[in-house]
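Participant:
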Amino acid sequence: MAFELPALPYAYDALEPHIDARTMEFHHDKHHQTYTNNFNKALEGQTALAKMTATDIIKKVTTLPDSIRQAVINNGGGYVNHTLFWEIMGPNCGGMPRGTIGDMINTAFGTFDAFKEKFTTAATTRFGSGWAWLALNRNGKLEVMSTGNQDSPLSQGYTPILTLDVWEHAYYLKYQNRRPDYIAAWWNTINWRRVDELLKAAKS
Ligand code: MN
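Residue numbers for the sequence shown follow my numbering, beginning at 2 and rising by one.
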């Protein structure tokens, strides 16, 4: 049994003009596919892990054998991180979060703008390759964080519900070195309804 590349839940050009179709096609079909293939390769012969979900494997990554741990952190992380990333974006999205997610952001950060500023700073200042996150901590409180490479907050006991890929492959074709412009445009793609569902699932 092997993990499969999840289908993109919308067309390559659905996030235009904020994220261009060519970037989406390469990012999903090439980069995410490669993480998927290498995740499966790392798990070959690991019968004890065969029945676990990808998420559960990343949660327990510190307990894995030395021989495969880093390969799973890199490629299993790449697999689950991108899966979440596609899910929390969509066409005709963006704007202000409503419902539970909107209320919890206000409780945790004061205002939506304060949250936006904190998340943007986390994404902008992540040196090199990595991700910015909105995640629930062990106490069920929302936190903004960033991680390097393909490290996932799942491995630190957090449940991520929103994420932004700030690897250069996520934006270079359209934005070249202008990571801040990519981040500013990305806010227009957030599917807050889906984030709200993920929040409710994480809390239940
Ligand atoms: Mn990526």
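No residue lacks a Cβ here, since even glycine has one placed at the ideal position from N, Cα and C.
Could you check where the beta strand (DSSP E) with S205 kicks off and where it finishes?
Facilitator: Reading the sequence shown from its first residue, position 204 is the one you call residue 205. Segment: none, S205 is in no beta strand (DSSP E) and carries neither H nor E.
Participant: Run through DSSP, which three-state label would A12 get?
Facilitator: Against the sequence shown, residue 12 aligns to sequence position 11. Looking at A12 - three-state DSSP - the assignment turns out to be coil, as it is neither helix nor strand.
Participant: Taking 7 Å as the line, does the beta carbon of H28 fall inside it for any heavy atom of ligand 1?
Facilitator: For the purposes of this step, residue 28 is identified with residue 27 of the sequence shown, where counting begins at 1. Because some heavy atom of ligand 1 lies under 7 Å away, the Cβ of H28 counts as near it: yes.
Participant: Does DSSP classify G158 as helix, strand or coil?
Facilitator: Here residue 158 refers to the residue found at position 157 of the sequence shown. G158 falls in the coil class under three-state DSSP.
Participant: Compare the C-alpha of F128 against each of W187, T84, T148 and name the closest.
Facilitator: Indexing the sequence shown from 1 puts residue 128 at position 127. Comparing Cα positions, the closest option is T148.
Participant: Considering only the beta carbon of each residue, do V81 and K119 sit closer than 8 Å?
Facilitator: Residue numbering aside, residue 81 sits at position 80 when the sequence shown is read from its first letter. Residue numbering aside, residue 119 sits at position 118 when the sequence shown is read from its first letter. Cβ atoms of V81 and K119: not closer than 8 Å.
Participant: Starting from M146, follow its DSSP beta bridges and name the residues at the other end.
Facilitator: Here residue 146 refers to the residue found at position 145 of the sequence shown. Answer is W134.
Participant: Taking only the alpha-carbon atoms, compute the straight-line gap between L65 and R180 and give it to the nearest angstrom.
Facilitator: As a position in the sequence shown, residue 65 is number 64, starting the count at 1. As a position in the sequence shown, residue 180 is number 179, starting the count at 1. For L65 and R180, the distance between alpha carbons rounds to 34 Å.
Participant: State the CB to CB distance for the pair I74 and D152, rounded to an integer number of angstroms; the pair is presumed to be in contact (CB under 8 Å).
Facilitator: Taking the first residue of the sequence shown as position 1, residue 74 is located at position 73. Taking the first residue of the sequence shown as position 1, residue 152 is located at position 151. Right, their Cβ atoms sit about 7 Å apart.
Participant: Taking just the CA atoms, how far does I69 sit from P7?
Facilitator: Numbered from its first residue, the sequence shown carries residue 7 at position 6. Numbered from its first residue, the sequence shown carries residue 69 at position 68. Spanning the two alpha carbons is a distance of roughly 23 Å.
Participant: What first and last residue would you give for the alpha helix (DSSP H) that runs through Q177?
Facilitator: Within the sequence shown, numbered from 1, the residue matching residue 177 stands at position 176. Premise fails: Q177 is in no alpha helix (DSSP H) and is neither H nor E.
Participant: Taking 7 Å as the cut-off, is the CB of W168 close to at least one heavy atom of ligand 1?
Facilitator: For the purposes of this step, residue 168 is taken as residue 167 along the sequence shown, with counting starting at 1. Yes, ligand 1 has a heavy atom inside 7 Å of this Cβ.
Participant: Any heavy atom of ligand 1 closer than 7 Å to the CB of A15?
Facilitator: Within the sequence shown, the letter at position 14 stands for residue 15. Every heavy atom of ligand 1 is 7 Å or more from the Cβ of A15, so no.
Participant: What is the DSSP secondary structure of I191, reduced to helix, strand or coil?
Facilitator: Numbered from 1 along the sequence shown, position 190 holds the residue referred to as residue 191. Here I191 sits in strand by DSSP.
Participant: With distance defined between alpha-carbon atoms, name the residue in T101, N93, A51 nearest to I20.
Facilitator: For this step, residue 20 is matched to residue 19 along the sequence shown. Nearest option by C-alpha distance: N93.
Participant: Less than 8 Å separating the beta-carbons of I89 and L163?
Facilitator: On the sequence shown, position 88 is the one that residue 89 refers to. On the sequence shown, position 162 is the one that residue 163 refers to. It is a contact, given that the beta carbons lie within the stated cut-off.
Participant: Could you give the C-beta distance for A22 and Y11, rounded to a whole number, given that I count them as a contact under 8 Å?
Facilitator: As a position in the sequence shown, residue 22 is number 21, starting the count at 1. As a position in the sequence shown, residue 11 is number 10, starting the count at 1. With a Cβ gap of about 11 Å, A22 and Y11 do not count as contacting.
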